[in-house]
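Inspection log for the structure reproduced underneath, given as structure tokens.
Residue numbers (my numbering): 10 to 317.
Structural data, given as structure tokens:
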């Protein structure tokens, strides 16, 4: 059994030796834990961590609060093992033990992100996605990534008095959101190309859960429903699209969406139109995956503290 299991995609979940840690005494203990767990590749200076989370306090008070938060965290996690501690500490630094017995959903997702990014100077490697139909290993990786994503990174954790920490959260939140949306798009294109419309429908619906206002995804779902002979459901999806666009963006559907709705309603829409669309999606897959190269490592918030 893994000693520590930490899930940060969605509401924070912590398991120690199979037992859940349901409560933390205050938000900054959770924030400190999450930050150290993710940024575990190097030791963090205590002064930087104190300034990150207690920027409104004087230096001595901030350092004292950090000591108390770390002590509370170690007690909650049962971190008393001398031979294999969860946290490596010195007088001046703190580091989450990168060799510790733990699993971290963000680390798994990051590995998948890096794996599916194009290596520098090698955009035509075995993981190139110029074709709509993906290799089985790629499909497995992308499906695993989508399944891992329970919700927004560090959902429900807010520290309005720590701008640097909030900025770090928002950057990572956008990073993982974009990756999972891109994964959904690639899987939809893959399964639509294979005529596996049940799977394609599943992933486009997942994309719409993440981005209800995404009109292209609504168009895709309308097409898939029509391909399955579910004309009424496709027309209802158009109505849902109109309602969401009005509520979220105060706008009307694009001409392409209206044209698709009219074609389905009148019975003039054909499988040929879907095939043409799938061809266009094939061309887009390279773009979808090349965006992953822009989602690389983010600047730790300590670096932001020294900026003007």
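Idealized CB from N, CA, C, for every residue including glycine.
What you are looking at is a predicted structure, and each value in this text was computed from that prediction instead of being measured.
Under the three-state DSSP convention, the category residue i falls into
i           : result
residue 9   : Absent from the structure is residue 9, since the part of the chain shown begins at 10 and ends at 317.
residue 248 : helix
residue 150 : helix
residue 296 : Bear in mind that the predicted position of residue 296 carries a pLDDT of just 44, short of 50, making it unreliable; the figure below should be weighed with that in mind. Correct three-state label for residue 296: helix.
residue 107 : coil
residue 164 : strand
residue 174 : helix
residue 186 : helix
residue 120 : helix
residue 20  : strand
residue 33  : coil
residue 95  : coil
residue 15  : strand
residue 82  : helix
residue 143 : coil
Beta carbon of residue i nearer than 8 Å to that of residue j
i           : j           : result
residue 40  : residue 188 : no
residue 267 : residue 243 : no
residue 154 : residue 121 : yes
residue 237 : residue 213 : no
residue 111 : residue 12  : yes
residue 227 : residue 142 : no
residue 81  : residue 34  : yes
residue 159 : residue 193 : no
residue 184 : residue 161 : no
residue 43  : residue 59  : no
residue 235 : residue 177 : no
residue 231 : residue 258 : no
Residue i beta carbon near the ligand MN (any heavy atom closer than 7 Å)
i           : result
residue 205 : In the structure shown, the ligand MN is absent, as is every other ligand, since no ligand is present at all.
Beta-carbon separation (whole angstroms), residue i vs residue j, contact threshold 8 Å
i           : j           : result
residue 196 : residue 152 : 7 Å
residue 95  : residue 85  : Not a contact, Cβ separation roughly 11 Å.
residue 115 : residue 47  : 6 Å
residue 168 : residue 36  : 6 Å
residue 164 : residue 20  : 5 Å
residue 45  : residue 54  : Incorrect: roughly 12 Å between the Cβ atoms, too far for contact.
message = Can you confirm whether the stretch 64-81 touches the stretch 143-154 when touching is taken to mean that 3 or more C-beta pairs between the two stretches lie within less than 8 Å?
response = no
ask   = Is the stretch 88-97 close to the stretch 194-213, with three or more CB pairs under 8 Å?
value = Short answer: they don't touch.
key: At least three beta-carbon pairs within less than 8 Å, the stretch 14-34 to the stretch 52-64   = no
At least 3 beta-carbon pairs within less than 8 Å: the stretch 209-225 vs the stretch 249-260 = yes
key: Stretch pair the stretch 98-107 + the stretch 17-34: three plus CB contacts closer than 8 Å   = Judged by Cβ distances under 8 Å, the stretch 98-107 makes no contact with the stretch 17-34, as fewer than three pairs qualify.
query = Where are the beta strand (DSSP E) runs, 3 residues long or more, that stay fully inside the stretch 197-280, in chain order?
reply = none
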